[in-house]
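Colleague: So for the sequence shown, my numbering puts the first residue at 386; every next one is plus one. Cβ atoms here follow ideal geometry from the backbone N, Cα and C, with glycine treated the same way. Computed from a predicted model, the values in this text were never measured in an experiment. Take this structure first; my questions come after.
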Amino acid sequence: MKSAELEKTDRLSLLFRAAQDQALGVVLILEGTGLPGIIYTVEELSGCLDPRHFEVHHFPGAETAPERKDLFLYHYWLNLPRYGDLAVFDGSYYHDWAVRKSAQKLGKSESSNWIEDIKNFEHGLHQNHYLVLKIRIQRDRKDLEEEMDTDKRLKIWSPLLGKRAKYLIKHHRDYSEALELIVESTNVPDAPWFTPPPEKGKHVRIHVVDYLIARLEEALSVDSRQAVASYDEAMALMRNLKSEESK
386 MKSAELEKTD
396 RLSLLFRAAQ
406 DQALGVVLIL
416 EGTGLPGIIY
426 TVEELSGCLD
436 PRHFEVHHFP
446 GAETAPERKD
456 LFLYHYWLNL
466 PRYGDLAVFD
476 GSYYHDWAVR
486 KSAQKLGKSE
496 SSNWIEDIKN
506 FEHGLHQNHY
516 LVLKIRIQRD
526 RKDLEEEMDT
536 DKRLKIWSPL
546 LGKRAKYLIK
556 HHRDYSEALE
566 LIVESTNVPD
576 APWFTPPPEK
586 GKHVRIHVVD
596 YLIARLEEAL
606 SVDSRQAVAS
616 YDEAMALMRN
626 LKSEESK
């Protein structure tokens, strides 16, 4: 009998195949101070999805990236997925806004304009057959620091995310407050936010997978539990028939 976790990964794989069939582009935005949860979520998706149809984009935030000359959102437009594919935005325009806001590098007018640009951007995606999934993963500063130091799985990612982890630990309060502001301002029906409980990364991953399954089932009108069960039954029947034929 399949474990509950294996069943969920099967359902997720099936749903993304359905997204390909229905030509639904999916943009998954991962934000927040819960960096371990983000890492575990990316690993979970990498392990169960067809690599030809999804891509992870680790955008450098304002705290590590050189000053950009192109327009706000320009490089996010360039990295939208093809219809039927998934693009994971890790450290997206929300991270960029929160970093600049907490450092007081955005004036009131510019801050409001960026928020309106984001809402228009995501509404346009929704209108053009994209599903925008936004997840904020939170973690207390002390717990974040301890988990980054003790979880051996996370050390694999340290060359890529080390600077970001140090930034989140050092500026935890100001960054969290800024992110809360923009989450409240952009929590709209077309692209709502989901915030799982602030737990260890390996546990947060489970909540995120459950949410992805629920949103994809709704968008695609697919009962993934029944579809996976029917597929498993068909495979079991085929194996039994082959076994009988070989006797």
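1. Looking only at C-alpha atoms, which of 603, 467 and 414 sits nearest to residue 641?
2. Tell whether a beta-carbon distance below 9 angstroms holds between residue 506 and residue 458.
3. Tell me the rounded alpha-carbon separation between residue 499 and residue 410.
4. Secondary structure at residue 428, three-state DSSP: helix, strand or coil?
5. So, helix, strand or coil for residue 414, using DSSP?
6. Select from 512, 439 and 553 the residue whose C-alpha is nearest the C-alpha of residue 481.
7. Roughly how many angstroms separate the alpha carbons of residue 420 and residue 577, rounded to a whole number?
8. Leaving out five residues on either side along the sequence, give the residues of the same chain with a beta carbon under 7 angstroms from the beta carbon of residue 573.
9. Between the Cα of residue 442 and the Cα atoms of 465, 508, 487 and 514, which residue gives the shortest distance?
10. Is the number of C-beta pairs between the segment 587-605 and the segment 552-571 that are closer than 8 angstroms three or more?
11. Given this structure, state the Cα-to-Cα distance separating residue 610 from residue 396, to the nearest angstrom.
12. Closest by CA to residue 557, which one among 548, 586, 525 and 546?
13. For residue 561, which option in 493, 517, 485 and 456 has the closest C-alpha, if you only look at C-alpha atoms?
14. Taking only three categories from DSSP, how would you classify residue 440?
15. Just mark residue 535 as buried or exposed, buried being the case when its beta carbon has 16 or more other beta carbons within 10 Å.
16. Determine, using beta carbons only, whether residue 413 and residue 430 come nearer to each other than 9 angstroms.
17. In whole angstroms, give me the CA-to-CA distance for residue 597 and residue 604.
Modeller: On the basis of the supplied data:
1. Coverage of the chain is limited to positions 386 through 632, which leaves residue 641 absent and any answer about it impossible.
2. For residue 506 and residue 458, yes; Cβs fall inside 9 angstroms.
3. So the alpha carbons of these two residues sit roughly 24 angstroms apart.
4. Helix.
5. Here residue 414 sits in strand by DSSP.
6. The shortest C-alpha to C-alpha distance from residue 481 to any of 512, 439 and 553 is the one to 553.
7. The alpha-carbon atoms of residue 420 and residue 577 are separated by roughly 20 angstroms.
8. Hits under 7 angstroms: 504.
9. For residue 442, the closest of 465, 508, 487 and 514 by C-alpha to C-alpha distance is 465.
10. Cβ pair count under 8 angstroms is below three, so no.
11. When rounded, the distance between both Cα atoms is 6 angstroms.
12. Closest by alpha carbon: 525.
13. Per the C-alpha coordinates, the member of 493, 517, 485 and 456 positioned closest to residue 561 is 485.
14. Three-state DSSP puts residue 440 in a strand.
15. Burial is judged here by how many other beta carbons sit within 10 angstroms of a residue's own beta carbon; residue 535 has fewer than 16 and is exposed.
16. Yes, the pair counts as a contact, with Cβ atoms nearer than the cut-off.
17. Taking the straight line joining both Cα atoms gives about 11 angstroms.
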